[in-house]
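Colleague: Using the UniProt record's numbering, you'd call the opening residue of the sequence shown number 1 and step up by one each time. Built from N, CA and C at the ideal position, the CB exists for glycine as well. All values derive from a computational prediction rather than experimental measurement. The structure that follows is given in the form of structure tokens.
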Amino acid sequence: MDDEDALVVAAVVAAAALLDGNDEDNRGRRNKKRPVADVDVNGYRVLDDISFKEHFRMNRILFERLLVILGNHMVRVGTVQRLRKALDLALMMSLWILATQDTFRSVAVKFNESSPSSVHSQYKRIIKALRQVAPLFIQWPNQFERDNIKADFERRYSYPGVVGCIDGTHIYITAPTIQSQRYINRFKKYSILLQAVCDNEGVFRDIFVGQPGSIHDSRMYKRSPLSQNLLHNAEMLSPGEHILGDGAYTLTDKLVTPYRDMGRLSRRQRKHNYLHAKTRSIIERSFGYDKGLWRRQKLMQVYNHLYLVDSVIASCVLSNFIKLKGQPYKDPEGDYILLQPQLNEEEEHNIPDEEGDIDDPGNPEFGPNNLADVIPDDQDPVFVRAKVAGRDKRNFIAFTLYPYDD
Numbered sequence: 001m002d003d004e005d006a007l008v009v010a011a012v013v014a015a016a017a018l019l020d021g022n023d024e025d026n027r028g029r030r031n032k033k034r035p036v037a038d039v040d041v042n043g044y045r046v047l048d049d050i051s052f053k054e055h056f057r058m059n060r061i062l063f064e065r066l067l068v069i070l071g072n073h074m075v076r077v078g079t080v081q082r083l084r085k086a087l088d089l090a091l092m093m094s095l096w097i098l099a100t101q102d103t104f105r106s107v108a109v110k111f112n113e114s115s116p117s118s119v120h121s122q123y124k125r126i127i128k129a130l131r132q133v134a135p136l137f138i139q140w141p142n143q144f145e146r147d148n149i150k151a152d153f154e155r156r157y158s159y160p161g162v163v164g165c166i167d168g169t170h171i172y173i174t175a176p177t178i179q180s181q182r183y184i185n186r187f188k189k190y191s192i193l194l195q196a197v198c199d200n201e202g203v204f205r206d207i208f209v210g211q212p213g214s215i216h217d218s219r220m221y222k223r224s225p226l227s228q229n230l231l232h233n234a235e236m237l238s239p240g241e242h243i244l245g246d247g248a249y250t251l252t253d254k255l256v257t258p259y260r261d262m263g264r265l266s267r268r269q270r271k272h273n274y275l276h277a278k279t280r281s282i283i284e285r286s287f288g289y290d291k292g293l294w295r296r297q298k299l300m301q302v303y304n305h306l307y308l309v310d311s312v313i314a315s316c317v318l319s320n321f322i323k324l325k326g327q328p329y330k331d332p333e334g335d336y337i338l339l340q341p342q343l344n345e346e347e348e349h350n351i352p353d354e355e356g357d358i359d360d361p362g363n364p365e366f367g368p369n370n371l372a373d374v375i376p377d378d379q380d381p382v383f384v385r386a387k388v389a390g391r392d393k394r395n396f397i398a399f400t401l402y403p404y405d406d
């Protein structure tokens, strides 16, 4: 960390600490009958690297880089002064909460906070900031990156043209207060869905969060911006490039799925399915890595849907941050295609109405009422052509992988 970044961190921490001190005095006057546990929170700042990583999932160097990025962002948008604690401690609390399933009450005791509500308030501001900086760490690859990703996938698994693998996973939640039956998945539990595309290193390149757990993966994909972008945006994938998905998705020339096994597959088709599954397994490992680091995703006890979505996005951002060793992609204003746009203040308050619908069609987390929901698949000529081209592409790949007679 250079001198300029160090000065930024020092200034942000000092300003937040000053505000924290004034707030402690005020809270002391208001809550005389609520003594705070005597915990030395400065001990977290001097932990050795091994202990620090055990508690906060990253070493001290990565933590300082994250502190600089969030500090700069929060100073720029004017939210750092709303924290009631020094920024580094607020970030440590948030990482602790995401990495464990501790209650806010127990975290308040560990970090010398007067009440769980104080921890909750600071946690919400930190995950909101992480969601806002998501475009720095979750970006669709440009052509140069796609060429490297394709080459590495083919070298590892012999499957050509792959720039990413897509799948969905359940994030278990407590029963929502409105239309809770929509969130019951096939395992008879409440959940929301996370759809993600990862590259050859398991880094998330696109995420879509917030659909009810009862929805099928294919329907979630149709509702996501990625579905229409792949069909209508030629810059997303060059000819010969595609992503891999399991049998739940519809085969197109942009998303290649395995042959359906009805017991009559040829040797060539079985070879294709074997290499397809072997290549696609990286997305499952990425989900496992993400949920293993940020264990709160195993059960999110949250009733506010937007707050829940922010927590999941923050976890994905942090997973990418660690895999990228704290180095963001190029500036979002550069030549990258952003598929996870930042929400403005209006969209943040755009919550589902009593019917469970979203008025704003541009909210990427909840799933817009986009073209996929308006035009049936069999009436969209672009989609029909993509399905035909997908069958031809899959047959050609299968022949390339196994050119021998069955």
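Taking buried to mean at least 16 other C-beta atoms within 10 Å of its own C-beta, is M236 buried or exposed?
Modeller: Counted from its first residue, the sequence shown places residue 236 at position 236. So M236 counts as buried.
Colleague: Can you pull the DSSP bridge partners for P212?
Modeller: On the sequence shown, position 212 is the one that residue 212 refers to. Per DSSP, I192.
Colleague: Using a Cβ-Cβ cutoff of less than 8 Å, which residues in the same chain neighbour N73 once the five nearest sequence positions on both sides are dropped?
Modeller: Counting from 1 along the sequence shown, the entry for residue 73 is found at position 73. Note that residue 73 is His in the sequence shown, not Asn. The residues are A129, Q132 and V133.
Colleague: Given that a residue counts as buried once 16 or more other Cβ atoms are within 10 Å of its Cβ, and exposed if not, what is M300?
Modeller: Start at 1 with the first residue of the sequence shown, and residue 300 comes out as number 300. The residue is buried, with at least 16 neighbouring Cβ atoms inside 10 Å.
Colleague: Exposed or buried, what is N42 when buried is set at 16 or more other beta-carbons lying within 10 Å of its beta-carbon?
Modeller: On the sequence shown, position 42 is the one that residue 42 refers to. By the neighbour-count rule (16 or more Cβ atoms within 10 Å), N42 is not buried but exposed.
Colleague: In terms of alpha-carbon separation, which member of Q143, I50, V203 and P116 lies closest to I283?
Modeller: Taking the sequence shown and counting its residues from 1, one reaches residue 283 at position 283. The shortest C-alpha separation from I283 is found at V203.
Colleague: Would V317 and I171 be called neighbours here (beta carbons separated by less than 7 Å)?
Modeller: Here residue 317 corresponds to residue number 317 of the sequence shown, with the count starting at 1. Here residue 171 corresponds to residue number 171 of the sequence shown, with the count starting at 1. No, they are not a contact pair.
Colleague: Indicate the three-state DSSP secondary structure (helix, strand or coil) for G390 in the structure shown.
Modeller: For the purposes of this step, residue 390 is identified with residue 390 of the sequence shown, where counting begins at 1. Of the three classes helix, strand and coil, the one that applies to G390 here is helix, per DSSP.
Colleague: Ignoring anything shorter than 4 residues or poking outside the segment 257-317, list the alpha helix (DSSP H) runs there in chain order.
Modeller: Listed in chain order, the complete alpha helix (DSSP H) runs (minimum 4 residues) inside the segment 257-317 are 267-293.
Colleague: Can you pull the DSSP bridge partners for I166?
Modeller: Taking the first residue of the sequence shown as position 1, residue 166 is located at position 166. In the DSSP output, where bridge partners are listed per residue, I166 has V197.
Colleague: Terminal residues of the continuous alpha helix (DSSP H) containing L87?
Modeller: As a first step, residue 87 must be located in the sequence shown, where it is residue number 87. Run containing L87: L87 to A99, per the alpha helix (DSSP H) assignment.
Colleague: Under three-state DSSP, which class holds D147?
Modeller: Counting from one through the sequence shown, the residue named residue 147 turns up at place 147. It is helical.
Colleague: Around the Cβ of G210, are there at least 16 other Cβ atoms within 10 angstroms (buried) or fewer (exposed)?
Modeller: Your numbering for residue 210 matches position 210 in the sequence shown. Result: buried.
Colleague: Going by the beta-carbon positions, is the gap between Y123 and I97 smaller than 7 Å?
Modeller: As a position in the sequence shown, residue 123 is number 123, starting the count at 1. As a position in the sequence shown, residue 97 is number 97, starting the count at 1. Yes; because the gap between Cβ atoms is below 7 Å, this pair is in contact.
Colleague: Taking A248 as the reference, give the member of T169, D199 and R296 with the closest Cα.
Modeller: Residue numbering aside, residue 248 sits at position 248 when the sequence shown is read from its first letter. Residue T169 is the option with its Cα nearest to A248.
Colleague: Is there contact between the segment 152-165 and the segment 190-202, where contact requires at least three CB pairs shorter than 8 Å?
Modeller: Yes, the segment 152-165 is in contact with the segment 190-202.
Colleague: Classify D405 as helix, strand or coil using the three-state DSSP reduction.
Modeller: As a working note, residue 405 is residue 405 in the sequence shown. Correct three-state label for D405: coil.
Colleague: How long is the line joining the alpha carbons of K323 and R57, rounded to whole angstroms?
Modeller: If you number the sequence shown from 1, residue 323 lands on position 323. If you number the sequence shown from 1, residue 57 lands on position 57. Using only the alpha carbons, I get a separation of about 12 Å.
Colleague: For the alpha helix (DSSP H) that contains I243, what are its first and last residues?
Modeller: The sequence position of residue 243 within the sequence shown is 243, counting from 1. No alpha helix (DSSP H) contains I243, which is instead part of the beta strand (DSSP E) from H242 to L244.
Colleague: On a CA-only basis, which of D167, K188 and Y159 is nearest I173? Give me that one, please.
Modeller: Position 173 of the sequence shown holds residue 173. With distances taken between Cα atoms, I173 lies closest to K188.
Colleague: In or out: F111 buried (at least 16 other Cβ within 10 Å) or exposed?
Modeller: Within the sequence shown, residue 111 is the residue found at index 111, counting from 1. It counts as buried.
Colleague: If you follow the alpha helix (DSSP H) that N72 is in, where does it begin and where does it stop?
Modeller: Here residue 72 refers to the residue found at position 72 of the sequence shown. Note, N72: alpha helix (DSSP H), R60 to V77.
Colleague: Would you say H272 and A108 are within 7 Å of each other, going by their C-beta atoms?
Modeller: Residue 272 sits at position 272 when you count from the first residue of the sequence shown. Residue 108 sits at position 108 when you count from the first residue of the sequence shown. No, the Cβ-Cβ distance between H272 and A108 is not below 7 Å.
Colleague: Should L91 be labelled buried (16 or more other beta-carbon atoms within 10 Å of its own) or exposed?
Modeller: Along the sequence shown, read from residue 1 onward, the residue named residue 91 stands at position 91. By the neighbour-count rule (16 or more Cβ atoms within 10 Å), L91 is buried.
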